[in-house]
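In what follows, a single structure is set out as structure tokens and then discussed.
Protein chains in written order, with our numbering: chain A, 1 to 336; chain B, 1 to 336.
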């Protein structure tokens, strides 16, 4: 199994990507192909004293910047580390691809290069969220901005398979992110989606409010990509605000610094529980191949964890599970 | 000036409402009219040993429950504590109305009873958010689920006046909540809104991402009611998750309990900074009268603070300021 990694993707690429790849090789024994600038990658591997044969380089000549428009850049830069990596994945017919680069470009290139699984109209980005109970899976957090209710139903089927195979859930419960619990709440889009989900053969438990997103009320939380992206990023913002307040308060006096020192391992565990990098990258559900997207700000630890998740997804043959749930999915007639 | 309060609104009504009202009378010297069940209110005032003449009761016979459908219940229950209270406000021609009851019903009844300010098509709920810098004002957080770009522009004008008059901002900056900073990002609705805002004569600084909602990047954050409600409630959820983790960790061992005890005043200040009840209720912008909406879970402190905000809004004549900014608002021609 080979994991192909976009060495040039992310705010701190290629440095942290190489660092994470080297760590993953040591820890998980995976084989890695890095796509990107050969000279820079070689230099960084040497600096990390990596001399093994588990990491190979596939040189590419173009880079898609973090804020370049997705579709245009994918069309123009056919030799980018993203597009070349995805082509390699397709040729290999197995393994996985990871990038912490331009999310829109990865979604676009993956869709064009790999195609979609039968029964899927749009890919969706899933993310593993910490909650007060177990982790939950939220989808879509930004791939599909103009979603239709049917897309959300397809996400439900894929998220179900993913949760069972990768997150070891037995019969995952599925909720719809909305502004109230009643079926009559929300926009027309959300109400239509609610109806579709409740008429299908999925384990739908109803609407979930924003305040319950991290309460562990259900295993899978569905939403369109706009709302999901706002929810995800607002969560980051709130966490940053609280950590900012904690830092200010805990360094305010000598006494508070001493107390905070005594609590240092507890504080570390709190941050760890909330740290996206612990959960690795975000799987792109619906493309015909295993693709994981990393946060632009991914640290080397996040990259390493994303590679672990990629390995697990390959080993557990997660896409076969999704094909199975998709084929059994009951699509209510008016939407078929 | 009389502040009319829905004594029956809120998860813990009428108990906490009466408690908050009594505290507000003592602290701010306001005159209060309570609408609701006379017998229960009298009993609770007696229990609080309130014997003054600053609080009067206006008996009502119906209650709109927290989860009743808004429009239907307002139409059917004309003698509810909400509708009667709003009618009193209209008759008085000054003062303010506060309710921690069914938000949808308050929005609906306020619109029907008071009408809208000239130049406003839909009311919006604003909320004061803590940030790493000063507080920000976010609007709409749930009144207008199917917003049009023009509504958002009208919110901008009203939020500008509100921020200057109540939050003491000099030239508040205005941002649009979106999934990226570029003008090309987001749904068609958000892109249209972006164009409209940038062509008008407001202090628009562009898109604001979810992660920057609490970073204090701008004074006013605009969004439609669905997205705003999700963002607001997700924030509550994240805060609850982090506090839950803190509680678990800080009570884990004897040492951590001692350290947490030493930090108790610091922890209190952190919670206080994040506590919605510190900022009082959420003003309903756009109706022809001063209406403040409280969180269903409002504590007596939140009620008291909301009454303080109501008093300030009346004293500062906030609606006159909004009428002024609305009359000067440049509405780009294609939307007029």
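From the three backbone atoms N, C-alpha and C, an ideal C-beta is built for every residue, glycine too.
Would you report the Cα separation of residue i and residue j, rounded to the nearest angstrom?
{"i": "residue 12(B)", "j": "residue 296(B)", "result": "8 Å"}
{"i": "residue 337(A)", "j": "residue 179(B)", "result": "Coverage of chain A is limited to positions 1 through 336, which leaves residue 337(A) absent and any answer about it impossible."}
{"i": "residue 155(B)", "j": "residue 139(B)", "result": "7 Å"}
{"i": "residue 81(A)", "j": "residue 299(B)", "result": "55 Å"}
{"i": "residue 323(A)", "j": "residue 330(A)", "result": "13 Å"}
{"i": "residue 104(A)", "j": "residue 196(A)", "result": "28 Å"}
{"i": "residue 249(A)", "j": "residue 68(A)", "result": "39 Å"}
{"i": "residue 95(B)", "j": "residue 286(B)", "result": "16 Å"}
{"i": "residue 221(B)", "j": "residue 145(B)", "result": "16 Å"}
{"i": "residue 332(A)", "j": "residue 193(A)", "result": "11 Å"}
{"i": "residue 310(B)", "j": "residue 98(A)", "result": "53 Å"}
{"i": "residue 42(B)", "j": "residue 16(B)", "result": "14 Å"}
{"i": "residue 320(A)", "j": "residue 306(A)", "result": "20 Å"}
{"i": "residue 318(B)", "j": "residue 49(B)", "result": "34 Å"}
{"i": "residue 77(A)", "j": "residue 109(A)", "result": "10 Å"}
{"i": "residue 122(B)", "j": "residue 128(B)", "result": "20 Å"}
{"i": "residue 65(A)", "j": "residue 233(A)", "result": "21 Å"}
{"i": "residue 147(A)", "j": "residue 235(B)", "result": "24 Å"}
{"i": "residue 79(A)", "j": "residue 244(B)", "result": "48 Å"}
{"i": "residue 288(B)", "j": "residue 191(B)", "result": "30 Å"}
{"i": "residue 91(B)", "j": "residue 135(A)", "result": "53 Å"}
{"i": "residue 340(A)", "j": "residue 181(B)", "result": "Within the shown structure, residues of chain A are numbered from 1 to 336, placing residue 340(A) beyond reach of any answer."}
{"i": "residue 102(A)", "j": "residue 205(B)", "result": "24 Å"}
{"i": "residue 328(B)", "j": "residue 198(B)", "result": "16 Å"}
{"i": "residue 167(B)", "j": "residue 186(B)", "result": "30 Å"}
{"i": "residue 10(B)", "j": "residue 115(B)", "result": "24 Å"}
Count the other CB atoms, across all protein chains shown, that sit within 10 Å of the CB of residue i; report buried if there are 16 or more and exposed otherwise.
{"i": "residue 326(B)", "result": "buried"}
{"i": "residue 118(A)", "result": "exposed"}
{"i": "residue 265(A)", "result": "exposed"}
{"i": "residue 7(A)", "result": "buried"}
{"i": "residue 212(A)", "result": "buried"}
{"i": "residue 336(A)", "result": "Low local confidence applies: a pLDDT of 44 at residue 336(A) is under 50, so the model's placement there is unreliable, with the coordinate-based value given in what follows. The residue is exposed, with fewer than 16 neighbouring Cβ atoms inside 10 Å."}
{"i": "residue 21(B)", "result": "buried"}
{"i": "residue 52(B)", "result": "exposed"}
{"i": "residue 170(A)", "result": "exposed"}
{"i": "residue 247(A)", "result": "exposed"}
{"i": "residue 188(A)", "result": "exposed"}
{"i": "residue 254(A)", "result": "exposed"}
{"i": "residue 141(B)", "result": "buried"}
Can you check whether the CB of residue j is closer than 7 Å to the CB of residue i?
{"i": "residue 2(A)", "j": "residue 37(A)", "result": "no"}
{"i": "residue 133(A)", "j": "residue 216(A)", "result": "yes"}
{"i": "residue 218(B)", "j": "residue 184(B)", "result": "no"}
{"i": "residue 273(A)", "j": "residue 130(A)", "result": "yes"}
{"i": "residue 35(A)", "j": "residue 60(A)", "result": "yes"}
{"i": "residue 230(A)", "j": "residue 239(B)", "result": "no"}
{"i": "residue 290(B)", "j": "residue 313(B)", "result": "yes"}
{"i": "residue 207(A)", "j": "residue 176(A)", "result": "yes"}
{"i": "residue 137(B)", "j": "residue 163(B)", "result": "yes"}
{"i": "residue 304(B)", "j": "residue 23(B)", "result": "yes"}
{"i": "residue 308(A)", "j": "residue 28(A)", "result": "yes"}
{"i": "residue 261(B)", "j": "residue 241(A)", "result": "no"}
{"i": "residue 200(B)", "j": "residue 153(B)", "result": "yes"}
What distance in whole Å lies between the Cβ atoms of residue j and residue i, which are believed to be in contact at a cut-off of 8 Å?
{"i": "residue 120(B)", "j": "residue 143(B)", "result": "So it is not a contact: roughly 11 Å between Cβ atoms."}
{"i": "residue 252(B)", "j": "residue 125(B)", "result": "Contact flag wrong, Cβ pair sits at about 40 Å."}
{"i": "residue 259(B)", "j": "residue 263(A)", "result": "5 Å"}
{"i": "residue 25(B)", "j": "residue 4(B)", "result": "The Cβ separation is near 14 Å, so there is no contact."}
{"i": "residue 33(B)", "j": "residue 58(B)", "result": "5 Å"}
{"i": "residue 294(B)", "j": "residue 159(B)", "result": "Not quite, the Cβ-Cβ distance comes to about 19 Å (not below 8 Å), so this is no contact."}
{"i": "residue 113(A)", "j": "residue 87(A)", "result": "6 Å"}
{"i": "residue 210(A)", "j": "residue 237(B)", "result": "6 Å"}
{"i": "residue 83(A)", "j": "residue 74(A)", "result": "6 Å"}
On the DSSP bridge assignment, give the partners of residue i in chain order.
{"i": "residue 124(A)", "result": "285(A)"}
{"i": "residue 136(A)", "result": "129(A)"}
{"i": "residue 291(A)", "result": "97(A)"}
{"i": "residue 116(A)", "result": "287(A)"}
{"i": "residue 62(B)", "result": "80(B)"}
{"i": "residue 2(B)", "result": "31(B)"}
{"i": "residue 176(B)", "result": "207(B), 222(B)"}
{"i": "residue 55(A)", "result": "32(A)"}
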